[in-house]
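Have a look at the structure below before the remarks.
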Amino acid sequence: MKVIESISRVAGKYFALWVIAAALISFFVPEVFLGLGAYITILLGVVMFGIGLTMQPVDFKLVMKKPLPVIAGVAAQYVLMPLTALGIAYLLNLPAELAAGLVLLGSVPGGTASNVMVYLAKGNLALSVAMTSFSTLLAPILTPAILLMLAGQWLPVDPVSMFLSIVQVIIVPITLGLLVRKLFPETVDKSATAVPLISVLAIITIVCAVVAANVESITSSGLQIFAAVMLHNLIGLILGYGAAVLMRLDESKRRAISIEVGMQNSGLGVALATAHFGPLAALPNVVAAVWHNISGPILATFWSKKPVRGEDEPEVEEELESRVKRSGT
Numbered sequence: 001m002k003v004i005e006s007i008s009r010v011a012g013k014y015f016a017l018w019v020i021a022a023a024l025i026s027f028f029v030p031e032v033f034l035g036l037g038a039y040i041t042i043l044l045g046v047v048m049f050g051i052g053l054t055m056q057p058v059d060f061k062l063v064m065k066k067p068l069p070v071i072a073g074v075a076a077q078y079v080l081m082p083l084t085a086l087g088i089a090y091l092l093n094l095p096a097e098l099a100a101g102l103v104l105l106g107s108v109p110g111g112t113a114s115n116v117m118v119y120l121a122k123g124n125l126a127l128s129v130a131m132t133s134f135s136t137l138l139a140p141i142l143t144p145a146i147l148l149m150l151a152g153q154w155l156p157v158d159p160v161s162m163f164l165s166i167v168q169v170i171i172v173p174i175t176l177g178l179l180v181r182k183l184f185p186e187t188v189d190k191s192a193t194a195v196p197l198i199s200v201l202a203i204i205t206i207v208c209a210v211v212a213a214n215v216e217s218i219t220s221s222g223l224q225i226f227a228a229v230m231l232h233n234l235i236g237l238i239l240g241y242g243a244a245v246l247m248r249l250d251e252s253k254r255r256a257i258s259i260e261v262g263m264q265n266s267g268l269g270v271a272l273a274t275a276h277f278g279p280l281a282a283l284p285n286v287v288a289a290v291w292h293n294i295s296g297p298i299l300a301t302f303w304s305k306k307p308v309r310g311e312d313e314p315e316v317e318e319e320l321e322s323r324v325k326r327s328g329t
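When we follow full-length UniProt numbering, the leftmost residue of the sequence shown carries the number 1, and every step to the right adds one.
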């Protein structure tokens, strides 16, 4: 088990490098990975099941005790990021599928990697975890609704079908994970160190599948896609921080909301784009899977050198910090 724990820690620590390496390999030898596209939904379900295994009641404690920062942060995420994506799509005159894929990236919930970034940035970890959990639970309703309003101009959006997809890919696996943890807590705790490794392998496989299926598109419009995703991420980080300033929250909460708003669940975006829009629409989400794991650590490192006092929940923060340290992703 110690060997698996060590491998898992290394996999999480150098996650961005593994994703970049996987993307490059699948770009130059795509024929090896073309058959993996059929397993994207299953792989994302595995990742979500792992998240369910690690979720606990403490994740929702802050929502009940101090709901305003959580609700305001999630509102900023679901309003600012889709509109920012829409603006960038018009600004860069993106083709229809890429534009829809970028709006999809802005419409999915926060990613779990954001929790680690907030922890490293000395932000309010309890707020970060609460936002991720809350935004994920709202995704089946909000993501299809936002896409119908903003992306329907480029591609047909079936909100009911997308709702069912999100329930299937996110809610069901997370619920199963929570159930397994409830029934077999000791077994789950013993195997917890392997969860990050499984998640990393699943995400890398998803990246390989999408890149391999879109080699020609990446060759022709790769720079445009990278520019769009980088702009989207940068503006999201700035707007998230600005929204927290307007709410007069302390610095630790500003950092948490900034990172939560700026980083999305790109794996979900890949699965939904592939299933409902086509493989080309998945590209912005694949690029985001790489870029968010580069920009996140850079920002976290910068903020980590600037300690801050926040209005923390000591007992909540302590438990969450120990879980984040164990997860390694």
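Glycine included, each C-beta is placed from N, C-alpha and C at the ideal position.
Helix, strand or coil at residue i according to DSSP, with G and I counted as helix
i: Gly278; result: coil
i: Phe264; result: The sequence shown places Gln at residue 264, not Phe. Strand, per DSSP.
i: Gly110; result: strand
i: Phe33; result: coil
i: Asp158; result: coil
i: Lys306; result: coil
i: Gly152; result: coil
i: Met247; result: coil
i: Ala271; result: helix
i: Phe163; result: helix
i: Phe49; result: helix
i: Asn124; result: coil
i: residue 330; result: With the chain covering 1 to 329 only, the question about residue 330 has no answer from this structure.
i: Thr329; result: Model confidence at Thr329 stands at a pLDDT of 47, short of 50, so the residue's coordinates are unreliable; what they give is reported in the following sentence. Here Thr329 sits in coil by DSSP.
i: Lys190; result: helix
i: Lys66; result: coil
i: Glu315; result: With a pLDDT of 49 at Glu315, under the threshold of 50, the predicted position of this residue should be treated as unreliable, though the coordinate-derived value follows. The answer is helix: DSSP assigns Glu315 an H, G or I state.
Local Cβ density within 10 Å of residue i, reported as buried at 16 or more and exposed below that
i: Glu64; result: For the sequence presented, residue 64 should be read as Met rather than Glu. The residue in question, Met64, is exposed, as its Cβ has fewer than 16 Cβ neighbours within 10 Å.
i: Val32; result: exposed
i: Ile225; result: buried
i: Leu17; result: exposed
i: Ser220; result: exposed
i: Gln264; result: buried
i: Leu98; result: buried
i: Ala38; result: exposed
i: Leu80; result: buried
i: Thr329; result: Residue placement at Thr329 cannot be trusted, given a pLDDT of 47 that sits under 50; what the coordinates show is reported in the next sentence. Its Cβ being crowded by 16 or more others within 10 Å, Thr329 is buried.
i: Pro185; result: exposed
i: Val167; result: exposed
i: Phe277; result: buried
i: Ile298; result: exposed
i: Thr136; result: buried
i: Ile42; result: exposed
7 Å Cβ cutoff, residue i in contact with chain D
i: Ile174; result: The structure shown contains no chain D; it holds only a single protein chain.
Residue i versus residue j: straight-line alpha-carbon distance, rounded
i: Val49; j: Pro173; result: For the sequence presented, residue 49 should be read as Phe rather than Val. So the alpha carbons of these two residues sit roughly 4 Å apart.
i: Asn124; j: Val29; result: 42 Å
i: Ile20; j: Val210; result: 13 Å
i: Leu183; j: Ile170; result: 20 Å
i: Arg255; j: Leu148; result: 31 Å
i: Ser252; j: Lys122; result: 7 Å
i: Val157; j: Leu44; result: 21 Å
i: Ile235; j: Asp250; result: 21 Å
i: Arg179; j: Tyr90; result: Sequence check: residue 179 is Leu here, not Arg. Their backbone Cα atoms lie some 44 Å apart in a straight line.
i: Asn293; j: Gln153; result: 31 Å
i: Glu315; j: Ile198; result: The predicted position of Glu315 is uncertain, since its pLDDT is 49 and thus under 50; a value taken from the coordinates is nonetheless stated next. Rounded to the nearest angstrom, the two C-alpha atoms are 29 Å apart.
i: Asn233; j: Gly262; result: 5 Å
i: Ala244; j: Leu120; result: 19 Å
i: Arg248; j: Cys208; result: 43 Å
i: residue 412; j: Val308; result: Any question about residue 412 goes unanswered here, given that the chain covers just 1 to 329.
i: Asn214; j: Glu260; result: 29 Å
Closest Cα partner of residue i within the set the options
i: Val200; options: Val108, Lys182 and Ala289; result: Ala289
i: Phe134; options: Ile71, Ile25 and Leu80; result: Ile71
i: Ser128; options: Leu137, Val116, Leu105 and Val160; result: Val116
i: residue 330; options: Leu176, Ala75 and Leu86; result: Because residue 330 is not part of the residues shown, which for the chain are 1 to 329, the question remains open.
i: Ser191; options: Leu53, Lys305, Ile25 and Ser258; result: Leu53
i: Leu164; options: Ala145, Leu179 and Leu178; result: Ala145
i: Ser26; options: Ile204, Leu86 and Leu231; result: Ile204
i: Leu268; options: Leu86, Lys66, Ser107 and Pro95; result: Ser107
i: Glu216; options: Ala75, Ser258, Ile42 and Leu280; result: Leu280
i: Val229; options: Val287, Ala202 and Pro82; result: Val287
i: Leu110; options: Pro307, Ala96, Leu155 and Gly296; result: It should be pointed out that residue 110 corresponds to Gly in this sequence rather than to Leu. Minimum Cα distance to Gly110 is reached at Gly296.
i: Leu105; options: Ala202, Leu142 and Val118; result: Leu142
i: Leu83; options: Ser114, Gly73, Ile42 and Ala151; result: Ala151
i: Val188; options: Ala275, Ala227 and Ile51; result: Ile51
i: Trp291; options: Ala273, Thr132 and Ala227; result: Ala227
i: Ala113; options: Lys306, Ala273, Ala300 and Lys305; result: Ala300
(request) Starting from the N-terminal side, write out each stretch of the beta strand (DSSP E) that is 3 residues or longer and does not extend beyond the segment 203-253. (result) none
(request) Return the chain-ordered ranges of every beta strand (DSSP E) run that is complete within the segment 79-109 and spans a minimum of 3 residues. (result) none
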